[in-house]
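Throughout the sequence shown, residue numbering follows the numbering used here, covering 1061 to 1365 in sequence.
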Amino acid sequence: MSEPELTGILNVNKARGMTSHDVVARVRRLAGQRGVGHAGTLDPMASGVLLVCLGQATRVAEYLMASDKEYRARIRLGISTDTYDAEGQITAQADSQGLTRETVQRELLGFLGRQEQIPPMYSALKHQGTPLYRLARKGQVVPREARTIEFLALELTEWDPPELTVETHCSKGTYVRTLAHDLGQRLGCGAHLTGLTRLASGSFRLEQAIPLEDVERAFAQGQGHRLLLPLDAALSSFPASTVDAGTEKHIVSGQQVRLPAEQQGPLCRAYSADGRLLALLRLSDDGWWQPHKVFQQRKHDENHP
């Protein structure tokens, strides 16, 4: 009889130089299962929180990706690149010596709030099925649709001209490389990103993230499952309801159910009487709750022997 598939969320502290796919491939090999994916790409030059989903947790990755992010960005003034970061080719240089911390801080705060941001050409977004970065490497530039993003906080934490460090809290889909480039344009000297660390993805923080070497060591010792967080950690923003055995049967078979009137939509977590996450339910217009994602979880935690 084969071992049950591991299910849970792994908060990995990705090292600089690795791709997000590299991390997933490594975890897939360690866990011995194909059901592994990440929730939000980090560029190879970036480090920090990379959420890796195993088993049924891959079905809640969309909610992890939808959460706000926090970053620490290192920005170099006076040099622009085609990729907006240090890995690209220099496209322009200008003198930034006359800039003061106060001037940069003032321009930086001008980015606060909701705004339209155009994704960079060097990104994984696709144009007619082809990733933009592949087109960019061929010297092609295509129109990109602006995205509505939001900077909820921006703080200049270090000033060491021509470099500075910025910490930001932003919405999903925000390109910090573009922030660095646009800041340079506003200052009139150009700028690019030289380092990036993801400090948080939703409630998952860098302080709790685990280096890949420690993940490998834990799996080698047969303790990898102890690093996994429950898949409902991705759903904590939704209300929860505990149901009786009869309602549980209806839910796991995909049937609509009634919940207490105090439950509000559009989504709700449903738990069994013994604490298992059964499903994520969606409220219908007629007041019934329809199973949106049903999770198959055994009565005893399958991640623990």
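Here a beta-carbon is modelled for each residue, glycine too, at the ideal position from N, C-alpha and C.
Since the structure is predicted, the reported quantities are computational estimates derived from the model, not experimental observations.
- Excluding sequence positions up to five before and after P1104, its CB lies within less than 7 Å of the CB of G1077, M1078, T1079, all in the same chain and listed in chain order.
- Cβ-Cβ separation between L1111 and L1124: approximately 5 Å, consistent with a contact (criterion under 8 Å).
- Here DSSP, grouped into helix, strand and coil, assigns Y1193 to helix.
- Bounds of the alpha helix (DSSP H) holding I1311 are 1305-1312.
- Judged by beta-carbon spacing, I1069 lies beyond the 8 Å limit of A1251, meaning their Cβ atoms are not closer than that value.
- For the segment 1162-1215, the full-length beta strand (DSSP E) segments reaching 3 residues or more read 1173-1177 along the chain.
- The beta carbons of D1304 and L1212 sit no closer together than 8 Å.
- Close CB contacts of L1214 within its chain, under the 7 Å cut and outside five residues either way in sequence, are with L1168, L1169, F1171, L1172, V1226, T1228 (chain order).
- Judged by their CB atoms, C1113 and A1121 are nearer to each other than the 8 Å cut-off.
- Here K1186 has L1192 as same chain residues with Cβ atoms under 8 Å from its own Cβ, once five neighbours each way along the sequence are excluded.
- Distance from the Cα of C1328 is smallest, within the candidate group S1313, D1334, G1347, for G1347.
- The three-state reading of DSSP puts E1223 in strand, counting E and B together.
- For the 8 Å CB-CB criterion, N1073 and P1290 do not form a contact.
- In this structure, P1351 lies away from A1333, with their beta-carbon atoms at least 8 Å apart.
- Taking C-beta separations shorter than 8 Å and ignoring five residues to either side along the sequence, the partners of A1152 in its chain run I1139, S1140, G1250, following chain order.
- When only Cα atoms are considered, G1255 and T1143 end up about 13 Å apart.
- Put simply, of F1298, Y1235, L1216 the residue whose alpha carbon is nearest the alpha carbon of T1208 is Y1235.
- In this structure P1180 touches T1238 by the C-beta definition: roughly 6 Å separates them, less than 8 Å.
- Within a 10 Å sphere around the beta-carbon of D1242 sit 16 or more other beta-carbons, which makes this residue buried.
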